[in-house]
Amino acid sequence: MFLAVLTFTAIASALAVPSTELVERQLGSQSANQTILQPVTTKKLTSITFPQSVREKLIWGPFKLSAANGKHNGQLDKGSDTFNTILGGLCSDCYILKADYNIADKEGTRLTLNEGVYLHHAIVMDTSQTQPGMPLTAVCSAKELADGAAALAKGSSNGMASSSGMGMSGHSHSRRSVSSPNTQAMIHQKRQSGAANSFPVPATLITKGNEDKIAYYAAPNSTLKTGFWLGKGQHVATTIDAVNYRNETKDMYFTIDYEYTPFPQGKPKDHLDVAMSIMSSNGCGGLAFHPPKDKSVTYTSNQWDVAIDGYMLNILPHLHDGAVDLQILVNGKSTCRSQAIYTPSADKFDGKQWESITGYTTCDKPIQVKKGDKIFMTSEYDLTKHNLRPTTQDHGEAEGMAVAFFQFARDNKQ
Ligand SMILES: [Cu+2]
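Under mature numbering (1 follows the signal peptide of the UniProt record, and there is no 0), read the sequence shown as residues -16 to -1, 1 to 398, first letter to last.
Okay, here's the thing in structure tokens:
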């Protein structure tokens, strides 16, 4: 069970949390009779993305971060502090459409490295619900599965040599290539055991790191009615792990700024529930690849079979510098092309300026898929246009990667 939990949270967070023990400890502490933390502030705001919805910003805290040179209880980073709590004050009997999760000061203003604080990861789950099975399954040959298993064995023995100094603020994660095979291999085990629809993982609202990432549970400008349901028995367990770089203690708060639709009469029948999901360029194990330096190349993933009727929405790529785009092809037809947006970096490397990916163009329309559909993902890398991230001593050789996160809305009528 904990491996399954690890699998999902690790996948979903782009592998920011690749430690079995960590997740075990976190969920262990959350399943106890923990008191519910009520917000210190609840602000009513005007909805932006879904004008008919209710928008509120809740602030919980303070969480006391130790001074950088003090004692820490973080499990992934020797300088981080971890807080496990149950968040009260959220809507109940409501569909959440969009939510922005951040660490902040008392007023609710986001804390960043400018204030000396780095969010290593935050995980928010409703433990009163379980995550449905993965909607896509990787189709792998016997050889690919064996390679995946080998990578799994190698990955787990590597452990988590985490050293997230300030360098982690850049985009760099050789650690991901260590843990990725684990998660991918777990999918295979899942598939082989034929238990694709029973996945005992708490329903995940978000897993994120320090990046700017808003969760959408419904597609803006779409008539498709979807959302993340929070019922009356909700139990919103949250783990926040943050690093304080200054030699003084710091009061940190946690904020959720969200838009939702209340349904006081209970769950409506015409809405579809969403669950976080993922596909990658190699669902058969090993995510990293090494693009050629002198020409464009397009990577095509293994085949992914759709296991459940529904809709893929709010596709969010995760690509490395050097990438041009990510495309999703359903039955051979391109249904989404998301392009990497580059911004010149403030830093120089070997005296040269380089550009980094700072965002992606979005695919607005939900993609309808049916059981048995075949999906491929492609990603173009062109190192003549964009450099790979320069390597550093800590993080090893920069590599290419292509992952797509999305919300999957299950069609109830199937
Ligand atoms: Cu990556």
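A virtual CB, placed ideally from N, CA and C, is assigned to each residue, including glycine.
Compare the Cα-Cα distances from residue i to each of the options and report the closest residue.
i    : options                : result
D309 : M263, K349, S363       : S363
L103 : K209, C124, Y237       : Y237
G45  : P23, H302, T30, L313   : P23
K355 : M109, D289, Q337, K48  : D289
A88  : S206, F47, Y242        : F47
E99  : A126, V227, H370, A221 : V227
S285 : A272, P276, K251       : A272
S112 : V220, P204, Q287       : V220
H56  : K41, V387, N231        : N231
G72  : T66, L95, L214, D196   : L214
L256 : F212, Y244, I70        : F212
M361 : L81, G335, H274, A386  : A386
L313 : G250, I240, Q36, Q287  : Q287
M296 : H274, D305, T319       : T319
Just checking residue i against ligand 1 - is the residue's beta carbon closer than 8 angstroms to any of the ligand's heavy atoms?
i    : result
V387 : yes
H370 : no
H302 : yes
Output the distance between the C-alpha atoms of residue i and residue j, rounded to the nearest integer angstrom.
i    : j    : result
I299 : C347 : 7 angstroms
I292 : N53  : 50 angstroms
I198 : Q311 : 21 angstroms
A145 : G63  : Residue confidence is low: A145 scores 25 on pLDDT, short of 50, so the model does not pin down where it sits. No coordinate-derived value is stated.
N396 : S280 : 42 angstroms
P276 : H105 : 33 angstroms
D254 : S76  : 18 angstroms
T223 : T19  : 14 angstroms
S50  : Y242 : 29 angstroms
P328 : N371 : 11 angstroms
S261 : Q115 : 10 angstroms
Quickly, what does DSSP pair residue i with across the bridge? List them, please.
i    : result
W288 : A122, I359
V220 : L71, D110
Y283 : S363
G294 : V353, R394
R321 : Q311
L29  : R39
F212 : I80
K251 : In the DSSP output, where bridge partners are listed per residue, K251 has none listed.
K192 : A106
H370 : H370 is not bridged to any residue.
F238 : W44, I87
Between residue i and chain B, is there a C-beta pair that is closer than 9 angstroms?
i    : result
T114 : No chain B appears in this structure, which consists of one protein chain only.
Exercise for the section: May I have a chain-ordered list of the beta strand (DSSP E) segments no shorter than 3 residues that lie completely inside the segment 39 to 118? Expected result: 64 to 71, 78 to 88, 101 to 114
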